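So the sequence lines, in the order shown, correspond to chains A and B. Quick note on this note's numbering: the first sequence kicks off at 9 and runs consecutively. Quick note on this note's numbering: the second sequence kicks off at 2 and runs consecutively. The beta-carbon is built from N, C-alpha and C at its ideal position, and this holds for glycine as well. Since the structure is predicted, the reported quantities are computational estimates derived from the model, not experimental observations. Quick notes on the structure that follows.
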Amino acid sequence: MEAAVKLHDVSVGYERKVVFSRLSLEIPAGQFAGIVGPTGSGKTTLLKTILGTQPVFSGDVRLLGLPVDKLPPGSIGYVPQLESVDWSFPVTVEQVILMGLYTNKGIWPWPTRQDRNKVHDLADRLGIHDCLHHHIVNISGGQRQRAFLARALINNPKLLVLDEPTAGVDIKTQHDVLHLLGDLNKAGITILLTTHDLNAVASHLPWVVCFNKGLVAQGRPRDIFTNGILTKTYGGDIVIVEHGDHFLIASGTPLHLAEKEKI
Amino acid sequence: MMDFLLEPLAYEFFRNSLLASLMVGALCGLIGVYIVLRGMSYIGHGLSHAAFGGAVVGFTIGLNFYVGAGAMGLLAAILINQVAKGGKIKSDAAIGIVTTAFFALGIAIISRVRTFTQSFEAALFGNILGVTSEDLTVIALVTAFTMVTVFLMYKPLLFSTFDNEAARVFGINTGVVQLMFSFILTLAIIASMNIVGVTMIAATLVIPAITARMLTDSFSRMIIYSTIIGAIMGVVGMYLSYIFNAASGATIVLFGASLFCLVQLVNYIKERFILHEHIHRHGDVIHSHPHGPRHEQHGDQGQEDSGQPRP
């Protein structure tokens, strides 16, 4: 099967500072994968490289078999980190979703009836129909995530990329969003996301990529979330507690014990 | 009252100024929406100063006012983009360096060749007497061009203003959008210079947009409101300039600032009134929330038509 994301020998950085070099990575089509790694590990740069918004020093980046700049508009769905959104911007939920169609033909500023129907159908499916005419600041965290997800899905993309979809939302919303993504994946969309939440990845995602200035390991969470790999990724002690089919990941030494060790 | 308003219209210079300020006000109101939402309020101030430097340089070598101002304004816009591109120097610092240097060049030339100092007073502070038929033609052309461009580029402009990175991922050529926006912004500033004055342009761009923002949560309405507020500011400001014999730029901005304060005050009173109306006592606890049938009628406060000030 053709890879949805294929990086070959890619080096990326800012000015003269290299963030990661000679990275080769493949995410097969139909996969639901999470990229994890510590702050400053280059996760966001990797995501930007995949999305084509970060220039590469060298190497080849292909999405769905094509170079990023040759992809037809709308092939990739993208959900930005909610914390980066300007919530005071004067737009309604409906207008946010409509933006996904702005690359389509037609010079008139107003949406067509067909566009509106598309938005309403999608909003219905995602359970945000009631807040379509609300200003974006006046909806809940879960609804915000779904609004941006709807914008990403409106062109029926084959690949969906999400930057920290679990950040800044409560545990219930986090669970709902990951379940929704799981359903979309079952419907055939390849999903790639970044997250800091190892436990969410362990319980919801079938594939994980450990990243720290380069690929540390990738595979099923059960195989990858080992003390050795996580310590190599995060550079500290990691405790993995297994309970039946589930496991819980926590940072190594509790603070009170660490204090005792110091004494 | 009517006579009072009609009397100045007997003079051709006033009719020209009024028409010019109406168009300039609408133009700045329209562009200002994007300036405010992109967090670029300072760029209008900077580019107008650079254009002023260009006008002086152009005048010295025998070029038309608009040619010199336009060339230097565009050069400044491109230089700011290039200087800030690397990321080490932020765009506000780049604006400060590039545009102040261009302005300083103009001032240096003026102070050396003192004979034409007077000619540039209109460009610095705005002048009701300074509107020529050439000014009117330039303003009309720039206003028409800007309105058509904003109409045709409404979607990419809105998307890239809201979320530039996502717009790029979705297939919008954000580089072209940015370049086009810089171009129409520079044109708008140059066209407005003689009416509003270099020192006042930033306020003329920002005031209508933020006043409109306080009146609506809808982007399309914000554009319409801001354009109308800008046009009203221009017309009323020009009348005030005539009545008080003061620089037109100053009266336009002062009227705009008063309008902004008035909208702020109305919003504040409205918020206090709504809060007071919704205060209820439940046992020992005092709540503030809508009650009863009124609550059901007004439960859609988050909707764009609610008329509520944004949080």
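Rounded straight-line distance, which links the Cα of residue j to that of residue i
i, j, result
"A41(A)", "V27(A)", "22 Å"
"F255(A)", "L206(A)", "10 Å"
"P9(B)", "Y243(B)", "8 Å"
"D306(B)", "T217(B)", "Only weak support exists for where D306(B) lies, its pLDDT of 39 falling under 50; the value from the coordinates is given anyway. Roughly 8 Å between the two C-alpha positions."
"T111(A)", "H183(A)", "32 Å"
"E23(A)", "K86(B)", "11 Å"
"L130(B)", "V170(B)", "50 Å"
"L168(A)", "P80(A)", "15 Å"
"K194(A)", "I35(A)", "16 Å"
"A11(A)", "L263(B)", "59 Å"
"V1(B)", "A175(A)", "Residue 1(B) falls outside the range modelled here, since chain B spans only 2 to 312, and no answer is possible."
"G38(A)", "S259(B)", "59 Å"
"S92(A)", "L125(B)", "39 Å"
"V25(B)", "V145(A)", "33 Å"
"F60(B)", "G74(B)", "15 Å"
"V18(A)", "G50(A)", "13 Å"
"V58(B)", "S18(B)", "26 Å"
"V185(A)", "L159(B)", "27 Å"
"A209(A)", "L59(A)", "At residue 209(A) the sequence reads Val, which differs from the Ala that was named. Those two C-alpha atoms are separated by around 21 Å."
"E102(A)", "Y269(B)", "29 Å"
"G150(A)", "V177(A)", "7 Å"
"P98(A)", "G252(A)", "49 Å"
"F163(B)", "L200(A)", "23 Å"
"S193(B)", "I253(B)", "12 Å"
"G239(A)", "G48(A)", "A quick correction: the sequence has Thr, not Gly, at residue 239(A). So the two alpha carbons sit approximately 16 Å from each other."
"S211(A)", "I43(A)", "14 Å"
Simplified DSSP state of residue i, which is helix, strand or coil
i, result
"Q7(A)", "Because residue 7(A) is not part of the residues shown, which for chain A are 9 to 271, the question remains open."
"G21(A)", "strand"
"S32(A)", "strand"
"G38(A)", "coil"
"D178(A)", "coil"
"E13(B)", "helix"
"T217(B)", "coil"
"A11(A)", "strand"
"G303(B)", "The predicted position of G303(B) is uncertain, since its pLDDT is 40 and thus under 50; a value taken from the coordinates is nonetheless stated next. Looking at G303(B) - three-state DSSP - the assignment turns out to be coil, as it is neither helix nor strand."
"V34(B)", "helix"
"F146(B)", "helix"
"P157(B)", "helix"
"E135(B)", "helix"
"L72(A)", "coil"
"E172(A)", "coil"
"I257(A)", "strand"
"F65(A)", "strand"
Listed by chain order, chain B residues near residue i by CB distance under 7 Å
i, result
"P81(A)", "F171 and G172"
"I84(A)", "V170"
Contact list for residue i against chain A, beta-carbon separation under 7 Å
i, result
"K156(B)", "Y110 and P117"
"E166(B)", "T61 and P88"
"G223(B)", "The sequence given here places Met at residue 223(B); Gly does not occur at that position. Correct list: P98."
"L38(B)", "F97"
"F160(B)", "M107 and Y110"
"F182(B)", "Within 7 Å Cβ-Cβ: nothing; F182(B) doesn't reach chain A, min ~16 Å."
Close Cβ partners of residue i (< 8 Å) along its chain, the five nearest in sequence each way excluded
i, result
"F256(B)", "M234, V237, G238 and L241"
"D93(B)", "Y43"
"F5(B)", "none"
"I232(A)", "V216, C218, A225 and Q226"
Contacts around residue i, its chain only, beta-carbon distance under 6 Å, and the 5 residues preceding and following it disregarded
i, result
"A70(B)", "A52, G55, A56 and I191"
"G47(B)", "I96 and T100"
"S49(B)", "I190, V199 and I202"
"I147(A)", "C139"
"P157(B)", "I173 and V178"
"L80(B)", "V99"
Beta-carbon contacts of residue i that lie in its chain and below 7 Å, excluding the five residues immediately before and after
i, result
"V20(A)", "V27, F28, T53, T57, Q62, V64 and F65"
"G303(B)", "In this prediction, G303(B) has a pLDDT of 40, which is less than 50 and means its spatial position is unreliable; nothing more can be read from the coordinates."
"N123(A)", "With the sequence shown as reference, residue 123(A) is identified as Asp, and Asn is not the correct amino acid for it. Taken in chain order, the residues that qualify are L106 and L109."
Beta-carbon neighbours of residue i, restricted to chain B and to distances below 9 Å
i, result
"Q122(A)", "Those within 9 Å of Q122(A) in chain B number zero; the least Cβ separation is about 15 Å."
"T202(A)", "Those within 9 Å of T202(A) in chain B number zero; the least Cβ separation is about 14 Å."
Rounded distance between the beta-carbons of residue j and residue i, thought under 8 Å
i, j, result
"G33(B)", "L206(B)", "4 Å"
"P165(A)", "I246(A)", "34 Å between Cβ atoms; not a contact."
"G250(B)", "V197(B)", "4 Å"
"V87(A)", "P173(A)", "6 Å"
"N195(B)", "V267(B)", "At roughly 34 Å, the Cβ-Cβ gap does not stay under 8 Å, so N195(B) and V267(B) are not in contact."
Amino acids of chain C, ordered along the chain, whose beta-carbon sits closer than 7 Å to that of residue i
i, result
"F220(B)", "This model lacks chain C altogether, as its protein chains are A and B."
Contact list for residue i against chain B, beta-carbon separation under 8 Å
i, result
"T198(A)", "What T198(A) touches in chain B: nothing, since even the nearest Cβ is about 15 Å away."
Chain-ordered neighbours of residue i on chain A, where CB pairs are closer than 9 Å
i, result
"L153(B)", "I115 and P117"
"F261(B)", "Those within 9 Å of F261(B) in chain A number zero; the least Cβ separation is about 17 Å."
"F146(B)", "Neighbours of F146(B) on chain A: none; closest Cβ ~16 Å, over 9 Å."
"R16(B)", "Here the premise fails: no neighbours, minimum Cβ distance about 33 Å."
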